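Take a look at the structure below.
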Amino acid sequence: MGVSFDLFDTLVTADYPADPAAAVGTELAERGVSVPDDWADAYTEIHIDAPDGAEVPLPAHVSHALASRGVTVQGNAARRAVVAAFDPDIETRPGARAAIDAARDRGHEVALCSNCSVPELVGRTLVRSTLSRDEFDTIVTSVGCGWRKPAPEIFEQTATELGISLADLVHVGDDPRTDGGIVSVGGTALLLADERMTDDSSTPGEETSDDLGDTHVLESLAEFPDTLDALDSLADVDELESEGERQQ
């Protein structure tokens, strides 16, 4: 069994810009880019026809948004502006390190599996937290692999890099709409309870016929070790039953 953790709002909290379009626009202007008067509209429009579930790196989106208004960006100004605009203060969430240690102490491979369209942000976030890249056997980001949760591809890559099957992947996250996607490919979702659990469009535990895996809700990361122990016990029982069937 392997365990993957979502990063933002699961292991850490980040102080994002209240107005991303304005923040990016400010950084573009500081780099000599002519920001259109209707930049707020351009920023929110779709400019790249990406496949369903694919990640569009934010610098590419910004460059295309500017181009739609006749503005050409020189060099890597768009990338530098985006990186500077998303430079948040980071706080490690209570229980984050203990949860990672619990998975490691039980002999499981550990991954980070994060949606993030901003280059370098995951790395900078880990540096500013009390966590370390070395605590993860692999780090899979949407901007790196090209797919956003809940797309199956990002979970498939995570499982592959951990050397396990999707059925043996336990994913810990906070958003049933994205992190909950693991159940559609046969894995197990452990979702932290928050206000999104009351949204009728994203209520966990209401599995459909398409869901191959299981969903469990945690009140906090403090519940993770006991939940993982229970999942390990179930896995042991399943293995014994399978072995018994093979011997018959």
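Those letters in the sequence shown? Residues 86 to 333, per my numbering, in order. Glycine included, C-beta positions come from ideal geometry on N, C-alpha and C. As the structure is a computational prediction, the values presented were derived from the model and not from experiment.
Status (buried if at least 16 other CB within 10 Å, exposed otherwise) for residue i
i      : result
Val212 : exposed
Gly272 : buried
Glu140 : buried
Asn200 : buried
Gly70  : This structure cannot settle anything about residue 70, because the visible part of the chain is limited to 86 through 333.
Thr283 : Residue confidence is low: Thr283 scores 49 on pLDDT, short of 50, so the model does not pin down where it sits. Its coordinate-derived value is still stated next. Flag for Thr283 reads exposed.
Asp285 : In this prediction, Asp285 has a pLDDT of 46, which is less than 50 and means its spatial position is unreliable; what the coordinates show is noted afterwards. Per the 10 Å Cβ criterion, exposed.
Ser148 : buried
Asp264 : buried
Gly192 : exposed
Gln144 : Correcting the residue identity first, residue 144 is Pro in this sequence and not Gln. Pro144 is buried by the Cβ-count criterion.
Ala114 : exposed
Ala162 : buried
6 Å Cβ shell around residue i - same chain, five flanking residues per side excluded
i      : result
Glu176 : Thr98
Arg154 : Pro121, Ala127
Glu291 : Bear in mind that the predicted position of Glu291 carries a pLDDT of just 40, short of 50, making it unreliable; the figure below should be weighed with that in mind. Result list for Glu291: empty, nothing under 6 Å.
Gly266 : Lys234, Pro235
Thr288 : Only weak support is given to the placement of Thr288: the predicted model assigns it a pLDDT of 39, under 50, and the value that follows is read from those uncertain coordinates. None.
Pro310 : Ala187
Distance between beta carbons of residue j and residue i, contact taken as under 8 Å
i      : j      : result
Leu276 : Asp259 : 7 Å
Val207 : Ile185 : The pair is not a contact, with the Cβ atoms about 15 Å apart (cut-off 8 Å).
Val195 : Val268 : No, Val195 and Val268 are not in contact; Cβ-Cβ is about 20 Å, not under 8 Å.
Ala307 : Gly180 : 5 Å
Pro204 : Val168 : 6 Å
Arg182 : Thr215 : 6 Å
Arg165 : Arg116 : 6 Å
Val270 : Leu247 : Wrong, their Cβ atoms sit about 14 Å apart, outside the cutoff.
Segment limits, alpha helix (DSSP H) that includes residue i
i      : result
Thr215 : Neither: Thr215 is in no alpha helix (DSSP H) and is coded neither H nor E.
Ser148 : 143 to 152
Residues near residue i in its chain [Cβ-Cβ closer than 7 Å; skip 5 each side]
i      : result
Phe62  : Within the shown structure, residues of the chain are numbered from 86 to 333, placing residue 62 beyond reach of any answer.
Ala188 : Val88, Val195, Leu313
Leu92  : Leu197, Ser199, Val207, Thr210
Ser294 : Low confidence applies to Ser294: its pLDDT is 42, below 50, so where it sits in the model is not reliable, and the reading given next is rough at best. Cβ neighbours of Ser294 beyond the five flanking positions: none.
Ala320 : Met86
Asp174 : Asp100
Beta strand (DSSP E) segment containing residue i, residue limits
i      : result
Leu303 : 299 to 303
Sequence-distant residues of its chain with Cβ nearer than 8 Å to residue i (five each side left out)
i      : result
Ala170 : Pro102, Pro105, Ala108, Val109, Thr111, Glu112
Thr157 : Leu151
Whole alpha helix (DSSP H) runs in the segment 86 to 127 with 4 or more residues, listed along the chain? 105 to 115
Which runs of the alpha helix (DSSP H) at least 4 residues long sit entirely within the segment 226 to 279? Give them in chain order. 227 to 230, 237 to 247
Counting only runs of 4+ residues fully inside the segment 158 to 193, write out the alpha helix (DSSP H) ranges in chain order. 162 to 170, 181 to 190
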